[in-house]
Structure formats: structure tokens, C-alpha cells
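First the structure, in the form of C-alpha cells, and then the observations on it.
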Amino acid sequence: MSRRLVIEGQLERADFTLKLALEFELSSPVGLMGATGAGKTTLLRVLAGLEPSFRGRITFCDEVWSDTDDASACFIPPHQRRVGIAFQDSRLLPARTVRGNLVFAMRRAREGGLTLAFDDVVEGLYLANLLEQSTESLSGGERQRVALARALLSKPRLLLLDEPLSANDTERRLAMLAQLEIWLSAEPVSVLYVSHVQEEVQRLTRQLIIMDRGAVRSQGATDALLSAVAGPGAGSKDHGVGEEAIVVATDEDQLSVVLQRAAGGTLAHQSDLAPGDRVLIHRVTPDTLRRDFTLQPQSEQDESETE
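Written out as C-alpha cells, the structure is:
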């Protein structure tokens, strides 16, 4: 069965317009990258049915989800689209425990989508010791993991993941990334995966969409597009592409630092950063990881959770 997604139309807000003419196959995970404000999260919300002001047509697996142009206008509500969602704000049911949130998702699930065992998801996302806790007591990283688990356990046909690992420390993030690779390669589910971290997109996706200012700038094979972004000029933060690293040592004058890459190995670079600082490496030449690169300190939103 075809898992083709077609979306044509636009969403207008006071200070932003999302204008799309997209058609691609979701038989394997598709990555979505771009600078903050490019429209990535808004696109996911449109697909989930959370933006009723969208005007245009959306079809998935030959099913019409939205069509405002037809005389008999069609709009399939969110709960009927069978979409699993994990957004950055990790919205959870506040009156329930972690277990209650996960069980709620499982009870609403229908057959025919992603099928993962409860115990496997709980173990793979480090939730075993949190099951009886209130969601209101969780850290940012913990909430993010619960939101991801809930999306996975809802048996979705389409999984929308908006930086689902960003609030977790590097070691745990890499472990969960490996687990996601296993789950998503073994199960028949379509995935749109948003991330600013190049390694995540490279490992999980085969196709990539790069957005800018509410429109699609590039679309194609993940490796080919990331290689192009890594060319001259890719050091601009507007590309939204980077590799995570941690400062592990500096010299006495802090004129140079040693970075521990999330992907393994170390790099040396001149900067005034301090040990423990987390940064994104932005490439500026095709083979930059051995030569020139720029560093962008990560925001407080991406700081590791404390447990």
C-alpha cells in the first residue's frame, strides 16, 4: 500500500505564512530540518489536524484528510487520523501518572499501525522508575520521554516527532536514538522527524525536507542534502543543521578547547567556552570536522535534565 503524503495549501497568521506544495513517500522515515521559525512545527500541527485555519488539500495513503477547495469540504478530525504526536512542549495529561498517560494512549489505539510492547517502550525510554509519578513532578527530559512513549504506544499510522530527544543528556539521547532506529526500521509506520542535530537525521531518515520561512527550500535524499549543506557557507545558523558536542577541557587562557562529540571522538578548537558547555558544531567546509568549524552555544531549553 502506498504511504504517499500530499499537502498543498497555506496557513496564514499575522506574522507568518506557511505555504506548501509537498508530495513524498513515507514508506521510510522522513527528516525535517530548518532554522527556528521556519515552519517545521506548524507543518506537523497541520498534518495532525490541529490547525483548522489551513486552507488546501491533504491526502495520506490515498485518504483525504482535509480539502477546503472541494464543494463538499472535508476535514478529518485529529482523533480519526491515527497520528502519534510528540511535540517539544511535551503536553501530558496532568491529572494522571506516567503509567496513566501511557495506558490512556494504548486504550485509544486501533489495530494496523505501529505495534510495540509496553515493557519494551518503558525500558527503552528509561521510564521504569517513573511509572507511578505524577507528570507534574517530572523534569523536561522525563516529560519528553513520556510524550515519546505515549506517541509510540498509540499504534499510529503516522508518527510526528518534533525534536523528541532534545531535552535529554547526550548519553541517554544516543541510547534512545539507537533504540528508535531499531523500532522504526522493524515496524510499518510512517514518520516525520524534526531535529536540529545532523546525526539524528542521518541515522533515522532516508529522505529529508529543509524548510525556510514557511516554505520548502530543499527536498531529497538525506545524505545528499546534508552533504550539500556541509559545503561553503553552511556555518550560518539559519540552516538549522549542527552536530552536538561538549567541552571537556580548556587551556589556562581558554584560548583553545577540546570537544567530545556525541558521535564519538574529540576535536580541538579556539574559543572562550568552559568545560561542561554544550555546543552545536556548524560545518563550513566539506571535510570540516578535521579543520574549520564554528560553535554555537546551545540554549537553556536544551540543557540536560537533572535527576
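For the sequence shown, my numbering begins at 71 and goes up steadily by one. All residues carry an ideal CB built from backbone N, CA and C; glycine is no exception.
{"Asked": "Minimum C-alpha distance to L42 - residue among E133, R74, G154 and T292", "Found": "Nothing can be reported for residue 42: it is not among the residues displayed for the chain, which extend from 71 to 377."}
{"Asked": "Cβ contact (3+ pairs, closer than 8 Å) linking the stretch 93-101 and the stretch 249-266", "Found": "yes"}
{"Asked": "Limits of the alpha helix (DSSP H) - the one that I146 falls within", "Found": "Where I146 is concerned, there is no enclosing alpha helix (DSSP H), given that its DSSP letter is neither H nor E."}
{"Asked": "Start-to-end residues for the beta strand (DSSP E) that takes in V286", "Found": "A285 to A291"}
{"Asked": "Segment contact, 8 Å Cβ cut-off, at least three pairs: the stretch 197-207 with the stretch 237-246", "Found": "no"}
{"Asked": "Member of L186, T185 and E212 whose CA lies at the smallest distance from the CA of A198", "Found": "E212"}
{"Asked": "Straight-line gap, V286 to I280 (C-alpha atoms, nearest Å)", "Found": "6 Å"}
{"Asked": "Three-state secondary structure (DSSP) of E233", "Found": "coil"}
{"Asked": "T185 classed as buried or exposed, judged by whether at least 16 other C-beta atoms fall within 10 angstroms", "Found": "exposed"}
{"Asked": "Cβ neighbours of D132 in the same chain (closer than 8 Å, five flanking residues each side left out)", "Found": "S72 and R74"}
{"Asked": "Three or more C-beta pairs below 8 Å linking the stretch 112-125 and the stretch 210-225", "Found": "no"}
{"Asked": "H266 versus G107, D85 and T87, residue with shortest Cα-Cα distance", "Found": "G107"}
{"Asked": "Terminal residues of the beta strand (DSSP E) in which V132 lies", "Found": "According to the sequence shown, residue 132 is Asp rather than Val. Counting along the chain, D132 falls outside any beta strand (DSSP E), and DSSP gives it neither H nor E."}
{"Asked": "Helix, strand or coil at T106 according to DSSP, with G and I counted as helix", "Found": "coil"}
{"Asked": "Alpha carbon of L274 to alpha carbon of S297, nearest angstrom", "Found": "16 Å"}
{"Asked": "CB contact flag (L113, L88, <8 Å)", "Found": "yes"}
{"Asked": "Cβ-Cβ distance between A105 and D282 below 8 Å", "Found": "yes"}
{"Asked": "Rounded straight-line distance, which links the Cα of Q289 to that of F157", "Found": "22 Å"}
{"Asked": "Exposure of A237, with buried meaning 16 or more beta-carbon neighbours within 10 Å", "Found": "buried"}
{"Asked": "Beta-carbon proximity check, L235 vs E193, cutoff 8 Å", "Found": "no"}
{"Asked": "CA-to-CA distance, Q80 to T138, given in whole angstroms", "Found": "11 Å"}
{"Asked": "Proximity of L223 and F130 at Cβ, strictly below 8 Å", "Found": "no"}
{"Asked": "S136 classed as buried or exposed, judged by whether at least 16 other C-beta atoms fall within 10 angstroms", "Found": "buried"}
{"Asked": "Cβ separation of G119 and P148, assumed to be a contact under 8 Å, to the nearest whole Å", "Found": "4 Å"}
{"Asked": "Residue environment, Q214, which counts as buried when at least 16 other CB atoms sit within 10 Å", "Found": "buried"}
{"Asked": "Secondary structure of R127, DSSP reduced to three states", "Found": "strand"}
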